[in-house]
Ligand SMILES: Nc1ncnc2c1ncn2[C@@H]1O[C@H](COP(=O)(O)OP(=O)(O)OP(=O)(O)O)[C@@H](O)[C@H]1O
Ligand SMILES: [Mg+2]
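Protein chains in written order, with the numbering used here: chain A, 479 to 832; chain B, 21 to 283.
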């Protein structure tokens, strides 16, 4: 089958504004969703579901969050993990203190709390930019994780600061199997990814990109700097907050501030750099890349007859990440998502040059 | 030669005794001028005369230390740029200030942001009112795209366009706001003759069809004489001339300061 749009004429702006204006893309997306929702839970092992796919999906969600703030609105942040931590602890406290709330409501409220904290730490962005803003978000990273461990109330005074996440109930059933947790994660991530895609292709997304690309011009056409920037912080932190809650409840099964340290923030930043700054698709590609690379390296090592020593493997990982990040920053700032798009453009014309 | 007096109306904007300093540099000294409804006013003057600063003062990017601005009969003090936009003032920049990462279509759509009423939650669902609004404004933007004859590049990222087209897109973005007062900072700088002719045509058409009042800065005296109803001349931050193109051309001081030195 050819990847071609010949003969697909758009009859109106509605068709042209659709998420996937090209039929083949629509079909591909349908197939992808069918595989993710139906085939994967049937065929994937417990290990793949619980240790690879669930963290991949949750990190994709966090990467979407950071991408909204950094990729679309142009505000560099090194505090994504801290907002995940806020979400995790908030969800825990909602579950603990308001047990009648359904789990999904806990997750959404956790996102709302993270959004409020995000707005607070976004306030400096009205005065400072770039490097200095990054340093301010770094302060948020340390302050928030410190606060969550320092004050016992957040962790219900547990001695270690590490708490077991409550049992996961949905519609009266407890979700214990990896496949049920995977399906819940997948549903939440799919819905929020769609909402994010819609935002970035609407007025609010254009306003974010406008302040990213040329803030004076943005103001001159009537975009309010204060509101637009803070909304980017709020929405971004909401996404990170929900991701943090999912991480604690559906992946780790524990609520622990250590899971959301600076390394995690950097990991998410690398995901959007490799996957594509300013791209929802790129958030998934970047997360997949970073989650899958260690596994891939092990497989490659296996081909050479030896299993890689754990230390060597992680050194390799760090080196490859470093090289790739430098490559993408210099050569292709729009990451894997852009490479994918170029491939599609080529395919559209193939086999005719130009 | 434009016909003066016929369509020109009441005073739209009145600037009185504006002084604007940057540290020790006085960019504008005691400037007063008026802009009448529906007219095309050109501001001319040598480099560094304070022309761009004047536009920046009018649309709230700069805040002058002294002076008074009255827009549509309302005196305004410290107005922010986005408030000026809300009052119907749009502009383009001397150095193109497009949103480089966005397509032509998205740049012009962004120009309509003040006309969009749905909030981000509605937009997240891309449904009902949000979808309707997006499509309505898309149709409006397509009219502008047709008007400026840039149909073939609507999906192109503006960063990839040649300079002349970028200027045209920037005009489109300003027009998208359906402004009452349009400020153009050197809209024809760096263009070849044909591009200049096109741009002149667009400016005259905008003025004619939509009745938009236009203040433009331009170095090309031929263009200024052709399209403007009135000309204000600045030199070293002072106003040294104000009148019809032919009056200004005859003004001794202007000849000495500006026309004498060829640009
Ligand atoms: N933001 C600013 N900060 C400091 N000085 C400024 C600023 N903007 C303008 N100036 C100064 O004000 C004076 C007038 O500048 P302006 O840009 O208004 O001139 P202009 O008439 O537009 O010149 P050109 O024809 O070169 O565009 C110059 O001396 C300039 O250096
Ligand atoms: Mg200037």
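Backbone N, C-alpha and C define an ideal beta-carbon position, used for all residues, glycine too.
Treat the numbers as computed from the prediction; the structure is a model and nothing was measured.
Review point. Leaving out the 5 sequence neighbours to the left and right, which residues in its chain are closer than 6 Å to residue 195(B) when beta-carbon positions are compared?
Key: Taking C-beta separations shorter than 6 Å and ignoring five residues to either side along the sequence, the partners of residue 195(B) in its chain run 164, following chain order.
Practice item. Would you please state the rounded distance, in angstroms, between the beta carbons of residue 833(A) and residue 821(A)? I believe it to be under 8 Å. Key: The first residue shown for chain A is 479 and the last is 832, placing residue 833(A) beyond what the model contains.
Review point. Going along chain A in order, which residues have a C-beta closer than 8 Å to the C-beta of residue 118(B)?
Key: The contacting residues are 691, 692, 695.
Review point. Should the region 657 to 665 of chain A be regarded as contacting the region 524 to 532 of chain A, the criterion being three or more beta carbon pairs within less than 8 Å?
Key: A contact is defined here as three or more CB-CB pairs under 8 Å, and the region 657 to 665 of chain A meets this definition with respect to the region 524 to 532 of chain A.
Review point. Does any C-beta atom of chain A lie closer than 7 Å to the C-beta of residue 143(B)?
Key: For residue 143(B), the answer is yes, since a Cβ of chain A falls inside 7 Å of its Cβ.
Exercise for review: My understanding is that residue 203(B) touches residue 62(B), with C-beta atoms under 8 Å, so please give their C-beta distance in whole angstroms.
Suggested key: Actually they are not in contact, since the Cβ atoms of residue 203(B) and residue 62(B) sit about 12 Å apart, beyond 8 Å.
Review point. Relative to the C-alpha of residue 511(A), which residue among 668(A), 502(A), 496(A), 621(A) is closest?
Key: Its Cα nearest to that of residue 511(A), the residue 668(A) stands out among 668(A), 502(A), 496(A), 621(A).
Review point. How should residue 148(B) be labelled, buried or exposed, when 16 other C-beta atoms within 10 angstroms of its C-beta is the threshold for buried?
Key: Exposed, since its Cβ has fewer than 16 Cβ neighbours within 10 Å.
Exercise for review: Report buried or exposed for residue 827(A), applying the criterion of at least 16 other Cβ atoms within 10 angstroms of its Cβ.
Suggested key: Result: exposed.
Exercise for review: Note down, in chain order, each residue of its chain lying with its Cβ closer than 6 Å to the Cβ of residue 75(B), except the 5 sequence neighbours on either side.
Suggested key: Excluding sequence neighbours, residue 75(B) sits near 203, 205.
Point to revise | Coil, strand or helix - residue 496(A) by DSSP | key: DSSP places residue 496(A) in coil when its eight states are reduced to three.
**Study point:** Cβ of residue 271(B) within 7 Å of any chain A Cβ
**Key:** Taking a beta-carbon distance threshold of 7 Å, residue 271(B) does not count as an interface residue toward chain A.
Check your understanding: Hey, how far is the Cα of residue 567(A) from the Cα of residue 94(B)?
Key -> The alpha-carbon atoms of residue 567(A) and residue 94(B) are separated by roughly 52 Å.
**Study point:** Rounded C-alpha distance that separates residue 643(A) from residue 725(A)
**Key:** Approximately 10 Å, taken between the alpha carbons.
Check your understanding: Are the CB atoms of residue 192(B) and residue 89(B) nearer to each other than 7 Å?
Key -> Contact: no.
Check your understanding: Near ligand 1, which residues have their beta-carbon less than 6 Å from any of its heavy atoms, given in chain order?
Key -> Residues flagged by the Cβ proximity filter: 42(B), 45(B), 47(B), 65(B), 67(B), 68(B), 69(B), 70(B), 71(B), 72(B), 73(B), 114(B).
Exercise for review: Spell out whether any CB of chain A is found under 7 Å from the CB atom of residue 111(B).
Suggested key: For residue 111(B), the answer is yes, since a Cβ of chain A falls inside 7 Å of its Cβ.
Exercise for review: Report the three-state DSSP secondary structure of residue 824(A) (helix, strand or coil).
Suggested key: Residue state, collapsed to three classes: helix.
Review point. Could one say the Cβ of residue 257(B) lies closer than 7 Å to chain A's Cβ atoms, at least one of them?
Key: Cβ-Cβ to chain A under 7 Å: no for residue 257(B).
Check your understanding: For the 8 Å Cβ check, are there 3 or more pairs between the region 677 to 693 of chain A and the region 554 to 571 of chain A?
Key -> Counting Cβ pairs under 8 Å, fewer than three are found: no touch.
**Study point:** Beta carbon proximity, residue 583(A) to chain B, threshold 7 Å
**Key:** Answer no: the Cβ-Cβ gap between residue 583(A) and chain B never drops below 7 Å.
Point to revise | Helix, strand or coil at residue 61(B) [DSSP, three-state] | key: Strand at residue 61(B).
Review point. Rounded C-beta distance between residue 536(A) and residue 721(A)? I'm assuming under 8 Å.
Key: Residue 721(A) and residue 536(A) do touch by the CB rule: their CB atoms are close to 5 Å apart, below 8 Å.
Review point. How about residue 687(A): is its C-beta nearer than 7 Å to some C-beta of chain B?
Key: For residue 687(A), the answer is yes, since a Cβ of chain B falls inside 7 Å of its Cβ.
Review point. Thinking C-beta only, is residue 114(B) closer than 7 Å to residue 450(A)?
Key: Given a span of 479 to 832 for chain A in the structure shown, any question on residue 450(A) remains unanswerable.
Check your understanding: Exposed or buried, which one is residue 824(A) when buried takes at least 16 other CB atoms within 10 Å?
Key -> The residue in question, residue 824(A), is exposed, as its Cβ has fewer than 16 Cβ neighbours within 10 Å.
Check your understanding: Is it true that the region 704 to 719 of chain A meets the region 110 to 125 of chain B, where meeting means three or more beta-carbon pairs spaced less than 8 Å apart?
Key -> The answer is no - the region 110 to 125 of chain B does not touch the region 704 to 719 of chain A, with fewer than three Cβ pairs under 8 Å.
Review point. Going along the chain, which residues of the region 663 to 689 of chain A sit with their C-beta nearer than 7 Å to a C-beta in chain B?
Key: Contact annotation: in the region 663 to 689 of chain A, residues whose CB is within less than 7 Å of a CB in chain B are 673, 676, 677, 680, 681, 682, 684, 685, 687, 688.
Exercise for review: Verify the CB distance criterion: does residue 565(A) have a CB-CB separation below 7 Å to chain B?
Suggested key: Residue 565(A) does not count as touching chain B.
Practice item. Could you check what DSSP says for residue 47(B) in three-state terms: helix, strand or coil? Key: Three-state DSSP puts residue 47(B) in a strand.
Practice item. Drop a sphere of 10 angstroms on the beta-carbon of residue 697(A), count the other beta-carbons inside from all chains shown, and report buried for 16 or more, exposed for fewer. Key: With 16 or more other Cβ atoms within 10 Å, it is buried.
Review point. Can you tell which of 609(A), 548(A), 804(A) has its C-alpha closest to the C-alpha of residue 756(A)?
Key: Answer by Cα proximity: 548(A).
Review point. Which residues bound the beta strand (DSSP E) around residue 171(B)?
Key: Per DSSP, residue 171(B) lies in no beta strand (DSSP E) segment and is marked neither H nor E.
Review point. Where in the region 186 to 252 of chain B do unbroken runs of the beta strand (DSSP E), each at least 3 residues long, occur, reported from the N-terminal end onward?
Key: List check, beta strand (DSSP E) in window: 201 to 205, 233 to 237.
**Study point:** Residue ranges of each alpha helix (DSSP H) within the region 686 to 747 of chain A, 4 or longer
**Key:** Within the region 686 to 747 of chain A, the complete alpha helix (DSSP H) segments of 4 residues or longer fall at 693 to 698, 703 to 724, listed in chain order.
Practice item. Note the first and the last residue of the continuous beta strand (DSSP E) segment covering residue 96(B). Key: In the DSSP annotation of this structure, the continuous segment of the beta strand (DSSP E) that includes residue 96(B) starts and ends at 94 to 96.
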